[in-house]
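Quick note on this note's numbering: the sequence shown kicks off at 4 and runs consecutively.
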Amino acid sequence: MLTDERTHEKYALNDFVLIPRYAVLDPVLTEGLPPFITATTGMDALTHAVEAYIGKSNTAQTIEDSVAAVKLIFRNLERAYTDGSDMEARENMQKASFLAGAAFTRAYVGYVHAIAHSLGGEYGIPHGLANAVILPYVLEAYGSSVYMSLAELADIVKIGQDLESDQEKANAFIAEIRAMNRRMGIPDKLEGIREDDIDMLAKRAAKEANPLYPVPRIMRKDQLKEIYYQIRAQEERK
Ligand SMILES: [Fe+2]
Numbered sequence: 004m005l006t007d008e009r010t011h012e013k014y015a016l017n018d019f020v021l022i023p024r025y026a027v028l029d030p031v032l033t034e035g036l037p038p039f040i041t042a043t044t045g046m047d048a049l050t051h052a053v054e055a056y057i058g059k060s061n062t063a064q065t066i067e068d069s070v071a072a073v074k075l076i077f078r079n080l081e082r083a084y085t086d087g088s089d090m091e092a093r094e095n096m097q098k099a100s101f102l103a104g105a106a107f108t109r110a111y112v113g114y115v116h117a118i119a120h121s122l123g124g125e126y127g128i129p130h131g132l133a134n135a136v137i138l139p140y141v142l143e144a145y146g147s148s149v150y151m152s153l154a155e156l157a158d159i160v161k162i163g164q165d166l167e168s169d170q171e172k173a174n175a176f177i178a179e180i181r182a183m184n185r186r187m188g189i190p191d192k193l194e195g196i197r198e199d200d201i202d203m204l205a206k207r208a209a210k211e212a213n214p215l216y217p218v219p220r221i222m223r224k225d226q227l228k229e230i231y232y233q234i235r236a237q238e239e240r241k
């Protein structure tokens, strides 16, 4: 990623020569990572897997990889957050991060990332934190276009098994993401978004995502603006 320091826009840089031949996955290298960074970067990996899975540019391989990543993250992220020296959990999170990365490199991301990049570029809001907060709101905004795919993910991680409809299961999956955030001390709104900037930020997010990202439902600038209002922490009046 590159940030234009003049305009505060964030861009993804891509080229075949940038694709690595090897990835070194050594959990010892992540052992000293503070719990909050473990939590937010783990939720970034979950966002990669979920956005790849619900998008419309999947292959058999990206489906397999994103499903494996979602399973690993649900089983290991909170373990790694709670006990930073749990090396099995850290190793599994590295695997998950790799698989989710492989999935989205082929199947792309969606509006969660487009919105997060606008906030990272403009205000320096950390990428993992932004994605963790934004993910449940964007999944809700996708509405019926993601009921089936989120219900599939809910079944895979055994959430809402007593529920009947895809819609109920999708909502249970989104509720579980919110609960994971809460248990790991991640807020449900983001500080620092200026109301006057929202139009410009939504325009940038729309430009990044449309038409490149194979999102389940296309949203225009005005629909994206609503999401910025939802995720924005209001200043407390004194
Ligand atoms: Fe990301």
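Positions of the beta carbon are idealized from the N, C-alpha and C atoms, including for glycine.
With a threshold of 16 other beta carbon atoms within 10 Å, K59 falls short and is exposed.
Shown here, L36 sits in coil according to DSSP, grouped into three states, outside any helix or strand. By the Cβ neighbour-count rule, Q97 is buried, with 16 or more other Cβ atoms within 10 Å of its own. Counted as a single uninterrupted DSSP element, the stretch harbouring L204 is not any beta strand (DSSP E) but the alpha helix (DSSP H) occupying residues I201 to A212.
Taking R220 as reference, the option from V160, E143 and Q170 with the minimal CA-CA separation is E143.
If you check the CB distance, I189 and A42 come in under 7 Å.
In the three-state scheme derived from DSSP, where H, G and I count as helix and E and B as strand, L21 is classed as helix. Going by DSSP, K13 is part of the beta strand (DSSP E) stretching over E12 to Y14. DSSP, read as helix, strand or coil, puts T62 in coil. Closest in alpha carbon position to D18, among M4, L28, V27 and V31, is M4. A distance below 7 Å separates the beta carbons of T6 and G124.
Inclusion of Y150 and Q170 in the CB contact set at 7 Å is warranted, their separation being smaller than that value. Boundaries of the beta strand (DSSP E) harbouring L5: L5 to D7, taken from the DSSP string. Taking 6 Å as the cut-off, one finds at least one heavy atom of ligand 1 near enough to the beta carbon of D47.
Residue pairing by DSSP leaves R186 without any beta bridge partner. For A103, the closest alpha carbon among the candidates L227, R181, A72 and V160 is that of A72. Annotation note: the stretch 97-154 contains the following uninterrupted alpha helix (DSSP H) runs of length 4 or greater, listed N- to C-terminal: 114-126 and 130-145. Look at the beta carbons and you see the stretch 217-232 touching the stretch 199-207: at least three pairs across the two are nearer than 8 Å. The Cβ atoms of K13 and H120 lie closer than 7 Å to each other.
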